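Numbering (the numbering used here), first residue to last: 12 to 225. Glycine is no exception: its CB is placed at the ideal position from the N, C-alpha and C atoms. For clarity, every value in this text was computed on a predicted model and none was experimentally measured. Down below is the structure, laid out as structure tokens.
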């Protein structure tokens, strides 16, 4: 079996010690920007119904129109420790919805706070101009998301060079309509270092530096 670490995972709940859930996160906000959809939230208030504060937060992501299965790790997008900044950016957000829950130290999980389907569904990214969006994550290891906007149907050339100008990766993509698109580059076969990502199409060229850290 492959891809043991494809999705995040958390320890099972230790209900024989304590079964009280962590406080539900609150004030979930979503903002759309060049990097993607940025989620922010706040810690929930601890009351008599809780035995401990949040130890970690679980971010779920699932397709619009479908139901979330919290037992399916494919729906678990990220695990954020409670001591870190309570924010997360997802570059591939179109046609998805999000939910966040909290877990205490014993992995007792709270109910979910989630974005409304209509809030995500009504957002239509602008595709009125060419743009190479910031690669995500950057630095990366070993996969980086290449995200770009095209204003009309076109053939796009994506190329990655090393710092000496040697071609490491190239792909041609024929797009039949305007939109925001994402491609991946897996650099597992290449050494750590700075690389130059370029996008070319008739009348447009852009480049940015990306950093591969093993």
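With contact counted as at least three CB pairs below 8 Å, one residue from each stretch, are the region 75-84 and the region 46-57 in contact?
no
For residue 178, which residues in the same chain have their Cβ closer than 8 Å to its Cβ, ignoring the five residues on either side in sequence?
Same-chain partners within the cutoff: 170, 171, 172.
Check residue 86 in the structure and name its three-state DSSP category.
helix
At least three beta-carbon pairs within less than 8 Å, the region 147-158 to the region 210-222:
yes
Buried versus exposed call for residue 163 [16 or more other C-beta atoms within 10 Å across all chains shown]:
Exposed.
Looking only at C-alpha atoms, which of 57, 68, 158 sits nearest to residue 48?
For residue 48, the closest C-alpha among the options 57, 68, 158 is that of 158.
Check this for me: beta carbons of residue 65 and residue 23, under 8 Å apart or not?
no
So residue 182 packs on residue 194, CB below 8 Å; how close in whole Å?
Contact flag correct, Cβ pair sits at about 7 Å.
Should residue 168 go down as buried or exposed, given a rule of 16 or more other Cβ atoms within 10 Å for buried?
exposed
Close beta carbons around residue 205, own chain, < 6 Å, minus the five adjacent residues each side:
174, 220, 222
Segment limits, beta strand (DSSP E) that includes residue 70
67-74
Using three-state DSSP, classify residue 52 as helix, strand or coil.
strand
May I ask you to report which of helix, strand or coil DSSP gives residue 30?
coil
Residue 25 to residue 176, Cα distance in whole Å?
Looking at the two C-alpha atoms, the distance is approximately 54 Å.
Can you give the Cα-Cα distance for residue 43 and residue 202, rounded to whole angstroms?
33 Å
Can you check which of these residues, 70, 210, 32, 19, is closest to residue 142 by C-alpha distance?
210
Go to residue 186, then tell me how far its beta strand (DSSP E) extends in each direction, as first and last residue.
178-186
For a test of your reading of the model: does the CB of residue 66 fall under 7 Å from any non-hydrogen atom of the ligand GTP? Yes or no.
No copy of the ligand GTP occurs in the structure displayed, which carries no ligand at all.
Am I right that residue 46 and residue 102 are in contact with their C-beta atoms under 8 Å? What's the rounded C-beta distance?
With a Cβ gap of about 6 Å, residue 46 and residue 102 count as contacting.
Going by beta carbon distance, what residues of the same chain come within less than 8 Å of residue 30, once the five residues before and after it are set aside?
24, 119
Pull up the DSSP beta-bridge partners for residue 196, would you.
155
Can you name the start and end residues of the beta strand (DSSP E) that residue 42 belongs to?
37-44
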